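Visitor: This is the structure, below, for whatever I ask next.
Numbering (this note's numbering), first residue to last: 408 to 759.
Written out as structure tokens, the structure is:
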């Protein structure tokens, strides 16, 4: 009980709470600070305390509940809480030419992902085109992982990288590649274009107006249509919208206490694919990317010095041994020469 709250008392009486916390602490074992709860706009409910406690051993559960825990924040407050582009990107080049990261990367904030920075965003003032294959004609980025700010119980460190077409929205569930510190990752991609013919083989959506509702800023997609339809169902059941996704303007996000209503609606209705009101045709024009990744360890400068010193030491040791052997060879040749002269002199004297 007193691992966090040093003044907490323990009771072995089964009729009493196991831990009795002092002012400022709560939870079964007095491990949750009341100030921490107030900072996220919550009260000391059992479910909220359980999420915070389990988040130390299962970060995925805390990440899932984080949008609801922070639903009381404004968009500006969420942006300020996350990393800025200068904190995340140390340097960037395109076609081996340096970029101004503040101008080349566009910020958007996702409730689940935090601040994201898109290169070649559809709202950017400058568009970049691919002129050839290989890394020489691509984008190169050096990232800062801010590892000193990670909580001690998180074992994995990484930054999500999404490869998508211009104007396509990304979500936490989208296909992504995780970049890890101390490594160099290379992504080789191939883009494919699809054009569907309307009213011939099947129907398709040319714009977002084809969907019954659409709350995302990017181009129309089946995923965005289904998530918007899902938000409408959440609003009808809970009078709020899921804080994990974009929502209709003027509609409040569901708080943590309302997540039970959202979960109940999802469990009752199942996947949006089977909802009759969710009619989401494929887009008439679509771009898809297939990509392959390769990874190499980034050798630290100290390791380079160590390997260089070891290699030089081997060469230096071999050189000294070689010089000694050459000296011994010269001495041996001189000794053999003197011995041969004495032998010839003895033969000459024996003839006389």
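Note that the Cβ used here is the ideal one computed from N, Cα and C, for glycine as well.
Here the structure is a predicted model, which means the values were calculated and not measured.
So the alpha helix (DSSP H) residue 623 belongs to, where does it begin and stop?
Guide: The residue you call residue 623 lines up with position 216 of the chain shown. Here residue 623 belongs to no alpha helix (DSSP H), and DSSP marks it neither H nor E.
Visitor: Check whether the stretch 690–703 touches the stretch 590–607, taking contact to mean three or more Cβ pairs, one atom from each stretch, closer than 8 Å.
Guide: Yes, the stretch 690–703 is in contact with the stretch 590–607.
Visitor: Are there 16 or more other CB atoms within 10 angstroms of the CB of residue 598, so buried, or fewer, so exposed?
Guide: Residue 598 sits at position 191 when you count from the first residue of the chain shown. Burial call: exposed.
Visitor: Identify, in the order they occur along the chain, each residue of the same chain with its Cβ nearer than 7 Å to the Cβ of residue 506, setting aside the five sequence neighbours on each side.
Guide: The sequence position of residue 506 within the chain shown is 99, counting from 1. Excluding sequence neighbours, residue 506 sits near 499 and 500.
Visitor: State the Cα-Cα distance for the pair residue 532 and residue 512, rounded to the nearest angstrom.
Guide: Numbered from 1 along the chain shown, position 125 holds the residue referred to as residue 532. Numbered from 1 along the chain shown, position 105 holds the residue referred to as residue 512. Distance between the alpha carbons of residue 532 and residue 512 is about 10 Å.
Visitor: Just how far apart, CA to CA, sit residue 549 and residue 496?
Guide: In the chain shown, residue 549 corresponds to position 142, counting from 1. In the chain shown, residue 496 corresponds to position 89, counting from 1. Straight-line Cα distance between these residues: approximately 6 Å.
Visitor: How about residue 578 and residue 630: do their beta carbons lie closer than 8 Å?
Guide: Here residue 578 refers to the residue found at position 171 of the chain shown. Here residue 630 refers to the residue found at position 223 of the chain shown. Yes, they are a contact pair.
Visitor: In chain order, what residues of the same chain have a beta carbon less than 6 Å from the beta carbon of residue 502, not counting five sequence neighbours either side?
Guide: Counting from one through the chain shown, the residue named residue 502 turns up at place 95. Same-chain partners within the cutoff: 544.
Visitor: Taking all protein chains shown into account, do 16 or more other C-beta atoms lie within 10 angstroms of the C-beta of residue 559, making it buried, or fewer, making it exposed?
Guide: Your numbering for residue 559 matches position 152 in the chain shown. Exposed: under 16 other Cβ atoms inside 10 Å.
Visitor: If we count the other Cβ atoms within 10 Å of its Cβ and call it buried at 16 or more, is residue 482 buried or exposed?
Guide: The sequence position of residue 482 within the chain shown is 75, counting from 1. When all chains shown are included, residue 482 counts as exposed.
Visitor: Who are residue 598's beta bridge partners in DSSP?
Guide: As a first step, residue 598 is located in the chain shown; it is residue number 191 there, counting from the start. 696, per the DSSP bridge assignment.
Visitor: Counting along the chain, where does the alpha helix (DSSP H) carrying residue 548 start and finish?
Guide: Residue numbering aside, residue 548 sits at position 141 when the chain shown is read from its first letter. Taken as a continuous stretch (DSSP letters only), residue 548 belongs to no alpha helix (DSSP H), being part of the beta strand (DSSP E) at 546–550.
Visitor: Do residue 478 and residue 690 count as a contact pair if the criterion is CB distance below 8 Å?
Guide: Position 283 of the chain shown holds residue 690. Position 71 of the chain shown holds residue 478. For residue 690 and residue 478, no; Cβs fall outside 8 Å.
Visitor: Grab the span of the alpha helix (DSSP H) containing residue 527 for me, first residue to last.
Guide: The sequence position of residue 527 within the chain shown is 120, counting from 1. Counting along the chain, residue 527 falls outside any alpha helix (DSSP H), and DSSP gives it neither H nor E.
Visitor: Using the DSSP secondary-structure output, state which residues sit across from residue 566 in a beta bridge.
Guide: On the chain shown, position 159 is the one that residue 566 refers to. Beta-bridge pairing links residue 566 to 586.
Visitor: Pull the bridge partners of residue 660 from the DSSP assignment, please.
Guide: Position 253 of the chain shown holds residue 660. Beta-bridge pairing links residue 660 to 648.
Visitor: Which of helix, strand or coil does DSSP assign to residue 417?
Guide: Residue mapping note: residue 417 aligns to position 10 of the chain shown, counting from 1. Strand at residue 417.
Visitor: If contact is defined by three or more beta carbon pairs under 8 Å, each pair taking one atom from either stretch, is the stretch 609–620 in contact with the stretch 675–690?
Guide: Taking 8 Å as the limit for Cβ pairs, the verdict is that the stretch 609–620 does touch the stretch 675–690.
Visitor: Taking a contact to mean a Cβ-Cβ separation below 8 Å, would you say residue 636 touches residue 665 in this structure?
Guide: For the purposes of this step, residue 636 is taken as the residue at position 229 of the chain shown. For the purposes of this step, residue 665 is taken as the residue at position 258 of the chain shown. Result no, Cβ atoms of residue 636 and residue 665 do not sit closer than 8 Å.
Visitor: Do the CB positions of residue 645 and residue 672 come within less than 8 Å of each other?
Guide: By 1-based counting over the chain shown, the position of residue 645 is 238. By 1-based counting over the chain shown, the position of residue 672 is 265. Yes, they are a contact pair.
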